[in-house]
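In this note's numbering, the protein residues as written are 431 to 926.
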């Protein structure tokens with residue numbers, strides 16, 4: 431039995447107000463976004479943008495700081511290698527006195543300066559006196575000063591261990607910088623992906639919250655109509671069941687959003703290296719909208735692939751390894767030469783050389799006051815040297831093959847991610863149409879229900895399809911944003 435007269439008018443007014451509220455809840459795909467703030471802000475309900483997150487990660491995250499230590503470590507390796515060219519001052523004295531008798535006093539002081547081109551410059555003062563001093567070391571009581579050179583004439587002339595160590599340490603600088611960029615890029619890429627997952631969970635939570643509010647309004651309206659006798663009691667059971675289902679789904683979405691927020695907080699640290707937490711009411715920036723769904727031109731993809739070949743850290747690491755192996759190969763090839771070293775010392779009695787004395791030296795003095803030495807050594811079979819050189823060539827070939835393979839993989843990754851970009855852009859356009867069609871169907875079913883031509887079950891089904899379509903659109907938007915970050919990473923850059 432249906433109520434008549436004023437009751438029918440009141441029921442009609444109640445339903446009209448209910449449907450207006452439902453329409454406003456369903457029609458809003460997003461919620462207003464306030465200004466961007468940092469996670470340290472105490473103000474709630476504000477936006478924490480992706481750029482803010484990446485700044486925090488790059489400056490304060492422990493992994494980023496650890497990666498920042500790699501270039502400094504490489505600089506110290508270069509400094510250590512250059513230390514092989516540091517001048518060295520040595521001095522030694524030996525004397526013997528036994529039963530009051532002086533046997534000998536032998537003193538030798540030397541300054542040795544390694545020069546980059548393989549030779550050593552040396553200067554010194556020696557004094558050997560006494561009854562039993564070795565004749566080889568005997569000098570006048572005034573002593574003997576000298577300046578001289580030690581020059582390798584074969585092995586060590588073009589390259590030696592000292593120069594090789596410096597060159598390899600310099601190549602290590604490039605390797606360390608590539609490793610730093612690689613670690614930082616991976617960290618920022620994962621942070622960007624987790625950020626968009628957080629944004630997706632936030633958007634899903636908003637959609638499901640509005641969906642639950644809509645079911646609650648409908649349940650109250652239908653229950654009132656059942657009380658008035660306008661609908662059967664089974665309709666209120668249907669509406670209540672749908673409300674409880676949506677509330678359960680909303681509870682699960684709320685937990686997922688909280689977990690996503692906690693996961694994102696793992697990237698936040700302050701300047702004192704203390705972990706930070708996002709405020710509970712902080713919101714992410716919106717997912718990419720239709721104006722952000724840009725197409726990729728073929729020439730831009732080719733440019734990205736070319737850029738990746740030049741700056742990708744994985745390829746730079748391979749090139750740095752090849753540079754180190756090239757220096758090692760030069761050194762090992764030089765090891766096949768014999769060791770032939772010439773030592774020449776110009777002698778002068780008394781105190782060390784002075785510029786005035788050096789300028790007055792004549793040709794006859796140079797011919798009659800020197801100490802000359804030549805040393806020669808050469809292994810007859812060279813098995814160790816040849817084996818080391820062959821091992822180096824094998825390592826070089828392996829590194830070249832790695833570079834070829836990595837280059838191909840980088841090029842393929844760029845094109846693969848670009849294909850995903852285009853596919854997602856098309857899927858987004860189609861899914862947006864699906865959402866609009868689902869809205870039309872839901873609105874049409876609502877009109878039919880108001881006219882008494884539909885049921886609570888059918889309109890709930892239409893609304894479930896609409897929410898599902900919107901959630902699917904949000905998932906595609908998040909995946910599109912992640913693909914943008916992945917494409918920048920694949921090209922060797924930092925995701926923004």
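From the three backbone atoms N, C-alpha and C, an ideal C-beta is built for every residue, glycine too.
These figures come from a predicted structure and were not determined experimentally.
{"query": "When you compare the CB positions of residue 626 and residue 912, do they come within less than 7 angstroms of one another, or not?", "result": "yes"}
{"query": "Short check: CB of residue 904 to CB of residue 715, under 7 angstroms?", "result": "no"}
{"query": "Report yes or no: do three or more beta-carbon pairs, one from the region 570-582 and one from the region 746-765, lie closer than 8 angstroms?", "result": "no"}
{"query": "Tell me where the alpha helix (DSSP H) around residue 849 begins and ends.", "result": "813-880"}
{"query": "Report the start-end ranges of each alpha helix (DSSP H) in the region 625-701 that is 4 residues or longer and not cut off at the edges.", "result": "663-695"}
{"query": "Go to residue 887, then tell me how far its alpha helix (DSSP H) extends in each direction, as first and last residue.", "result": "886-920"}
{"query": "Less than 7 angstroms between C-beta atoms, sequence neighbours within five positions excluded: which residues of the same chain meet that for residue 736?", "result": "none"}
{"query": "Can you tell me which of the three DSSP states residue 777 falls into?", "result": "strand"}
{"query": "Once you ignore the five residues that flank residue 941 on each side, which residues in its own chain have a CB closer than 6 angstroms to its CB?", "result": "Limits of the chain in this structure are 431 at one end and 926 at the other, which puts residue 941 out of reach."}
{"query": "Per DSSP, what are the beta-bridge partners of residue 556 in this structure?", "result": "538, 574"}
{"query": "Does DSSP classify residue 923 as helix, strand or coil?", "result": "coil"}
{"query": "Closer than 6 angstroms by C-beta to residue 507: which residues in its own chain qualify, once you throw out the five before and the five after it? Chain order, please.", "result": "599, 602"}
{"query": "Look at the Cβ atom of residue 522, then the Cβ atom of residue 533, and state whether they are nearer than 7 angstroms.", "result": "no"}
{"query": "Where residue 968 and residue 568 are concerned, what is the direct C-alpha to C-alpha distance, given to the nearest angstrom?", "result": "Because residue 968 is not part of the residues shown, which for the chain are 431 to 926, the question remains open."}
{"query": "When the Cα atoms are used, what is the spatial distance from residue 720 to residue 833?", "result": "40 angstroms"}
{"query": "Hey, quick one: how far does the alpha helix (DSSP H) through residue 545 stretch, first residue to last?", "result": "Note, residue 545: premise wrong, no alpha helix (DSSP H); not H, not E."}
{"query": "Run through the DSSP bridge pairs and tell me what residue 521 is partnered with.", "result": "539"}
{"query": "Please state if the CB of residue 583 and the CB of residue 747 are separated by a distance shorter than 7 angstroms.", "result": "no"}
{"query": "Below 7 angstroms between beta carbons: does that hold for residue 535 and residue 559?", "result": "yes"}
{"query": "What is the DSSP secondary structure of residue 530, reduced to helix, strand or coil?", "result": "coil"}
{"query": "If you follow the beta strand (DSSP E) that residue 765 is part of, which residue opens it and which one closes it?", "result": "Taken as a continuous stretch (DSSP letters only), residue 765 belongs to no beta strand (DSSP E), as it is neither H nor E."}
{"query": "Any idea which residues DSSP pairs residue 803 with across the strands?", "result": "773"}
{"query": "Report yes if the CB atom of residue 641 is closer than 7 angstroms to the CB atom of residue 676, and no otherwise.", "result": "yes"}
{"query": "Per DSSP, what are the beta-bridge partners of residue 713 in this structure?", "result": "477"}
{"query": "Let me know the secondary structure DSSP gives residue 494 once reduced to three states.", "result": "helix"}
{"query": "When the Cα atoms are used, what is the spatial distance from residue 918 to residue 718?", "result": "16 angstroms"}
{"query": "So what's residue 584 in DSSP terms, helix, strand or just coil?", "result": "strand"}
{"query": "Within the continuous alpha helix (DSSP H) that includes residue 722, where are the two ends?", "result": "Where residue 722 is concerned, there is no enclosing alpha helix (DSSP H), given that its DSSP letter is neither H nor E."}
{"query": "Report yes if the CB atom of residue 697 is closer than 7 angstroms to the CB atom of residue 477, and no otherwise.", "result": "no"}
{"query": "Please state the DSSP three-state secondary structure of residue 743.", "result": "helix"}
{"query": "Below 6 angstroms CB to CB, which residues in the same chain sit around residue 589 once its five sequence neighbours on both sides are set aside?", "result": "760, 761, 764"}
{"query": "With DSSP collapsed to three states, give me the class of residue 705.", "result": "strand"}
{"query": "Could you check which residue in 511, 692, 617 has the C-alpha nearest to that of residue 597?", "result": "511"}
{"query": "Helix, strand or coil: which one does DSSP assign to residue 621?", "result": "helix"}
{"query": "How big is the Cα-Cα spacing for residue 916 and residue 498?", "result": "22 angstroms"}
{"query": "Do residue 922 and residue 738 count as a contact pair if the criterion is CB distance below 7 angstroms?", "result": "yes"}
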